[in-house]
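In terms of our numbering, the sequence shown opens at residue 88 and continues consecutively. In this text, a Cβ means the ideal position worked out from N, Cα and C, and glycines have one as well.
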Amino acid sequence: KFSKAQREVVCINNINFQRKSVIGYVELTIFPTVVNLNRIKLNSKQCRIYRVRVNDLEAPFLYNDPTLEVCHHESKQRNLNYFSSAYTAAVSAVDPDAGHGELVIKVPSELWKQGDDLKVLKVYIEFSLDQPKGGLHFVVPDVEGSMAERGAHVFGSCDEKMKIFSCHRFWFPCVDSYSELCTWKLEFTVDASMVAVSCGDLVETIYTHDMRKKTFHYVLPIPTAAPNISLAVGPFEILVDPYMHEVTHFCLPQLLPLLKHSMSFLHEIFEFYEEILTCRYPYSCFKTVFVDEAYVQVSSYASMSIFSTNLLHSAMIIDQTPQTRRCLAQALAQQFFGCFISRMSWADEWVLKGISGYIYGLYLKKTFGVNEYRHWIKEELDKIVEYELKMGGVLLHPTFSGGKEKDNPTPHLHFSIKHPHTLSWEYYKMFQCKAHLVMRLIENRISMEFMLQVFNKLLSLASTASSQKYQSHMWSQMLLSTHAFLKSISNVSGKDIGPLIKQWVYPLHNQIFFIRWV
């Protein structure tokens with residue numbers, strides 16, 4: 088990688104619900120890591136780029152998305168294997184973790200020929216988005232009335248399959264990687280009847296002179312990856328949590344009574360996680376937004392989570408209560424591990440999914456009892472065993488212990504696991520399931536007490552790093568790798584779990600035991 092983003096400003100100054108379009112700009116503060124940087128590569132899909140400036144100088148740019156035509160002009164080889172390899176190559180060509188991207192900006196020669204090796208670059212990009220097929224989802228009911236009266240709203244709509252590799256390049260130019268952290272300033276101009284909810288602290292809301300529009304200004308000073316940024320705009324009703332004033336809930340019109348009842352126990356989940364982790368919630372605020380037509384029931388982002396409105400219920404509906412509590416507990420667990428602490432690389436995804444699933448399981452045990460917890464574990468075990476016996480092994484860490492990558496470490500699968508983009512959705516669900524179960528094996532080896540001490544140490548290091556000004560070596564403490572996780576376990580517990588990791592994380596087979604009674 089030849090550059091690193093320090094800060095990004097995202098400004099959406101027009102949202103048209105009728106046309107399902109947005110217009111805005113981004114401004115990235117980029118720090119070169121090589122001498123005479125003459126190319127900047129960013130991720131952007133669907134967006135129409137109008138103008139690019141670098142340090143107030145007009146900059147030429149090239150846009151190419153190889154995933155739009157995977158097998159361009161290829162008529163001879165029409166089979167799944169050829170398509171899979173071609174698609175993997177296309178994904179690799181725009182992989183941000185390798186320093187690639189769809190948008191290539193040529194830095195004006197006046198800047199990179201000055202000989203200033205560490206010159207900070209400010210990249211300004213004007214863009215628009217028209218009828219997006221992903222990234223943002225517009226909900227516009229076909230009824231009479233204004234957009235607010237119709238309950239029209241838009242929200243970040245990465246379904247869980249897209250969320251694993253991030254779909255934020257679908258609605259604004261960025262470095263679309265979980266390992267690239269920066270601070271954020273987010274501005275959204277909407278109609279006066281609408282509310283914009285985003286990540287970070289709402290610092291001010293400014294109305295235009297005619298009072299027809301207003302701009303919401305959010306600031307997120309904690310270094311955060313672009314995939315953990317989101318947005319929701321709509322005629323939301325607002326509820327400040329009566330138990331925790333830093334928590335705010337948003338729902339669509341006429342659902343406020345349901346919202347009050349459904350969120351009445353959220354503070355208990357906060358208290359539970361903070362108690363077992365012996366660590367405060369990492370952000371200064373938390374927002375829950377309930378929307379219609381959500382792809383999944385819960386999606387977590389930095390300091391906010393987007394939920395399906397189907398989770399809301401009245402006091403008379405008791406069957407929905409456990410499911411809603413589970414979703415809230417999942418969302419909050421991912422705030423600690425997944426949003427605040429991000430992954431170093433795709434190969435380390437299993438650690439974050441495993442930890443968040445593990446502490447979520449502890450909440451289930453406390454709230455619903457040991458029997459319900461054991462039933463859940465049994466269901467998880469049955470699912471992963473059935474899948475691996477039928478489809479083959481699920482590999483949690485797609486590199487071998489020697490650090491060498493093979494072209495195809497999973498020949499039994501019809502898709503590549505080198506990139507999360509190319510995964511099967513069913514495979515990823517089993518991936519999450521297995522990651523959590525492996526965490527339980529680690530707990531059995533080192534004890535729950537040491538396990539929670541490891542989590543506390545990781546959060547403490549990340550919290551210290553998050554308060555530092557831009558220093559790449561400090562912010563790296565907010566990225567968790569498999570190696571760092573195992574090292575923390577060794578330091579805290581004094582135990583070597585290497586054999587367990589080699590047995591359950593790297594190999595591709597189930598451990599099947601045949602027993603005969605004599």
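Count the other C-beta atoms from every protein chain shown that fall within 10 angstroms of the C-beta of residue i, then say buried if there are 16 or more, exposed otherwise.
i, result
"M535", "exposed"
"C338", "buried"
"Q218", "exposed"
"I325", "exposed"
"Y137", "exposed"
"L149", "exposed"
"T276", "buried"
"C286", "buried"
"D435", "buried"
"H570", "exposed"
"H462", "exposed"
"C158", "exposed"
"K220", "exposed"
"A416", "buried"
"G490", "The predicted model places G490 with a pLDDT of 42, which falls under 50 and marks its position as unreliable; any figure quoted below should be read in that light. Exposed, by the Cβ-count rule."
"D583", "exposed"
"H296", "exposed"
"W199", "buried"
"R106", "exposed"
"K589", "exposed"
"E189", "buried"
"I168", "It is Asn, not Ile, that sits at residue 168 in the sequence shown. When all chains shown are included, N168 counts as exposed."
"S244", "buried"
"E236", "exposed"
"E492", "Note on E492: pLDDT 44, under 50, position unreliable in the model; no value is reported."
"T311", "buried"
"H332", "exposed"
"T411", "buried"
"Y330", "exposed"
Could you pull the start and end residues of the beta strand (DSSP E) that residue i belongs to?
i, result
"E358", "Counting along the chain, E358 falls outside any beta strand (DSSP E), though it belongs to the alpha helix (DSSP H) covering 353 to 364."
"F572", "Premise fails: F572 lies in the alpha helix (DSSP H), 569 to 580, not in any beta strand (DSSP E)."
"H348", "It is not in any beta strand (DSSP E) - H348 instead sits in the alpha helix (DSSP H) that spans 343 to 349."
"R94", "90 to 103"
"I127", "126 to 129"
"R135", "135 to 141"
"W271", "268 to 278"
"G243", "240 to 243"
"I584", "Element bounds for I584: n/a, residue is neither H nor E."
"L190", "190 to 193"
"L539", "That residue, L539, is in no beta strand (DSSP E); its alpha helix (DSSP H) goes 535 to 553."
"G148", "Looking at the sequence provided, one finds Phe at residue 148 rather than Gly. Here the beta strand (DSSP E) through F148 covers 148 to 150."
Taking the DSSP output, what are the residues bridged to residue i?
i, result
"D288", "V306"
"G111", "I99, F214"
"Y388", "M391"
"G321", "V282"
"F257", "Note: F257 sits in no beta bridge, so no partner."
"F118", "K91"
"S429", "L566"
"Y294", "K301"
"L144", "V141"
"C338", "E324"
"T375", "H336, S392"
Put residue i into one of helix, strand or coil per three-state DSSP.
i, result
"K301", "strand"
"T175", "helix"
"I316", "coil"
"S401", "coil"
"E380", "coil"
"E333", "coil"
"H506", "coil"
"K206", "coil"
"K200", "coil"
"V592", "coil"
"L524", "helix"
"K220", "coil"
"E513", "helix"
"K556", "coil"
"V481", "coil"
"K248", "Low per-residue confidence applies at K248: pLDDT is 49, beneath 50, and the placement is therefore not dependable enough to give any value."
"K440", "helix"
"N123", "coil"
Provide the residue span of the alpha helix (DSSP H) that contains residue i, from first to last.
i, result
"H462", "457 to 478"
"F225", "Looking at the DSSP string, F225 is not in any alpha helix (DSSP H); the run it does join, the beta strand (DSSP E), is 223 to 226."
"A419", "Looking at the sequence itself, residue 419 is Leu, so the reference to Ala does not match. Element bounds for L419: 407 to 423."
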